[in-house]
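> Provided herewith is a single structure, encoded as structure tokens, for subsequent inquiry.
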Amino acid sequence: MVLSGLFFAVLWAQPSAPPAAACTEPPADLATWLPDGASSAIGLDVDAFAKTAIGRALLPALRADLQLAEALEIIDDCGLRLERTYALALARDPGDGRAVIVQGRGLGEDETLACLADELRARADGQAPWTRSASTCGDVLEFGDGSRAWIVNPFTLVWARGDTFIAQTDALIAGARAPALPPSLATELARVDRSEQLWLAAALSSEDRRALPEAWSREATSVTLSANFDDGLLARMSFGAADIASLATLRELVIAGLIGLAERLDSYGIEHELRERARVGIVDGFVGAELSLDAGEIDDIRERVGERIIGRGPI
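Going left to right, the sequence shown walks through residues 895 to 1209 as the numbering used here numbers them.
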């Protein structure tokens, strides 16, 4: 009895193997699935945006772009619809790192993926678009350029390119890495309302800044945007700078930009209250700005600007 008791006591004292990590389920906030190292990120609630007047006008207009039109034709042929996409999040780093999270009805189903593979193969002289392999948490599609896509569930796909982004995404989906906002964008993401239909957060690299107008490139170090289109347009922006003097300069640049926009609307004969509604100030170490246009003003812009640009009515 004593020996048997000691035997079981020894077994009980042995360290047990850690439990296997559970596969990660898609979060409500897709930004927590973006990889660290991202320097910019964009989120779009496609489902909510598609129900707005601007969304109903813009999404069909995307078919006018020849490259987009071909892609949309492919997804149409496979029973997908752009309007049935739920949500989208994208991220990039200053190098080759790219990540996309997309959720849509039927997107990850076997039948849909087989159809997409057939359509793409037909356009690539019979070359398979990807190689599919099984993993612990869903199948993985490996592309010829080294990028990968993870089939998380029947309505969620995650795509990544670049060694760092791929490794982080693989660990996340396998449950070895906890969902969290990327530390590389922590400051910018803290300034943006990700519950809105569209949001953007970017820490501007030197290359990004070179693409800006000269005055902006000298001062701006980061930018964020959140926008809601339910009743026209409500946009909130923020701009970061390296010091107080640069913040003051940025504030003047933002004010000048809003004045210029108001004057441009005036030149088109559009009645608006942009000047009365716009707000600009320095808050918590960044320049904050808000502008709004109601549904009637947006409709007037579409009609009058469309006539000026293409001479045939609303855009």
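Glycine included, C-beta positions come from ideal geometry on N, C-alpha and C.
#1: Measuring alpha carbon to alpha carbon, tell me which of Leu-1106, Thr-1115, Glu-1108 ends up nearest Ala-1095.
#2: Gly-1151 to Glu-1082, Cα distance in whole Å?
#3: Select from Leu-928, Leu-1168, Asn-1047 the residue whose C-alpha is nearest the C-alpha of Ala-985.
#4: Is it right to say Ile-1195 is buried, meaning 16 or more other beta carbons lie within 10 angstroms of its own, or is it exposed?
#5: By DSSP, does Leu-1079 sit in helix, in strand, or in coil?
#6: Could you round the C-beta distance between Val-1181 and Arg-1145 to whole angstroms and report it? I think they count as a contact, below 8 Å.
#7: Look up Glu-1090 in the DSSP assignment and say whether it is helix, strand or coil.
#8: Would you check if the stretch 992-1005 and the stretch 953-960 touch, i.e. whether three or more CB-CB distances between them fall below 8 Å?
#9: Throw me the rounded Cβ distance for the Gly-1032 and Trp-1044 pair, which I believe falls under 8 Å.
#10: Check whether the stretch 1019-1038 touches the stretch 1064-1080, taking contact to mean three or more Cβ pairs, one atom from each stretch, closer than 8 Å.
#11: Count Cβ pairs between the stretch 966-976 and the stretch 916-933 that sit closer than 8 Å; are there 3 or more?
#12: Among the candidates Phe-943, Val-1199, Cys-917, whose CA atom is the shortest distance from the CA of Gly-1163?
#13: Can you list, in chain order, the residues of its chain with a C-beta nearer than 8 Å to that of Glu-1013? Leave out the 5 residues immediately preceding and following it.
#14: Kindly indicate which three-state DSSP category Gln-997 falls into: helix, strand or coil?
#15: Quick check on the DSSP output: the alpha helix (DSSP H) that includes Phe-943 runs from which residue to which?
#16: Are the beta-carbon atoms of Leu-1141 and Met-1131 separated by less than 8 Å?
#17: Determine the extent of the beta strand (DSSP E) in which Leu-982 is found, giving its start and end residues.
#18: Can you give me the C-alpha to C-alpha distance between Pro-1107 and Glu-1197, rounded to a whole angstrom?
Taking the coordinates as given:
#1: Measuring C-alpha to C-alpha distances from Ala-1095 to each of Leu-1106, Thr-1115, Glu-1108 identifies Thr-1115 as the nearest.
#2: Distance between the alpha carbons of Gly-1151 and Glu-1082: 22 Å.
#3: Nearest option by C-alpha distance: Leu-928.
#4: With 16 or more Cβ atoms within 10 Å of its Cβ, Ile-1195 is classed as buried.
#5: Helix at Leu-1079.
#6: That pair is a contact at about 5 Å.
#7: Three-state DSSP puts Glu-1090 in coil, outside helix and strand.
#8: These segments do not touch.
#9: About 6 Å separates the Cβ atoms of Gly-1032 and Trp-1044, confirming a contact at the 8 Å cut-off.
#10: Contact holds: three or more Cβ-Cβ distances are below 8 Å.
#11: No, the stretch 966-976 does not touch the stretch 916-933.
#12: Looking only at Phe-943, Val-1199, Cys-917, the smallest Cα-Cα distance to Gly-1163 is reached by Val-1199.
#13: Once the five neighbours on either side are set aside, the close Cβ partners of Glu-1013 are Ile-968, Asp-971, Cys-972.
#14: Gln-997: strand per DSSP, three-state reduction.
#15: Looking at the DSSP string, the run of the alpha helix (DSSP H) that includes Phe-943 is 940-944.
#16: No; because the gap between Cβ atoms is not below 8 Å, this pair is not in contact.
#17: From DSSP, the beta strand (DSSP E) with Leu-982 extends over 979-986.
#18: Taking the straight line from one Cα to the other gives about 29 Å.
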